[in-house]
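Take a look at the structure below.
Residue numbers (our numbering): 778 to 894.
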């Protein structure tokens, strides 16, 4: 026993681990492992996020009526194509309507305040 009692070589002793190699056995950076090749393979079914949905959120803050139009167009496009971004389009439409409502209320209050004198 010159190796300290440890068995060397690829064959496992008969009283070895009954479950085989652990999940962390082997070289994680080896190229020939099938799990590493599967993990890096890109999926061909990856969906894109709707650009119109993103623009609807942006225009909700810049020009709310355009945000409403873009949000509804995005929802229609997402329904037809199955792209991602439905939640984003709903946020854009909701924010646009909230900002339009706030502006209309502010204009009504300002107009009522002017005539009250």
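Note that the Cβ used here is the ideal one computed from N, Cα and C, for glycine as well.
Measuring alpha carbon to alpha carbon, tell me which residue in the options is nearest residue i.
i, options, result
"residue 828", "863, 841, 878, 871", "863"
"residue 860", "802, 803, 826, 806", "826"
"residue 872", "881, 882, 803, 835", "835"
"residue 877", "806, 823, 843", "843"
"residue 865", "874, 806, 803, 848", "848"
"residue 830", "867, 838, 880, 858", "867"
"residue 869", "857, 832, 802", "832"
"residue 840", "875, 857, 858", "875"
"residue 858", "803, 806, 802, 823", "823"
"residue 880", "856, 846, 838", "838"
Give me whichever residues DSSP pairs with residue i in a beta bridge.
i, result
"residue 861", "826"
Count Cβ pairs between the region 842 to 859 and the region 883 to 893 that sit closer than 8 Å; are there 3 or more? no
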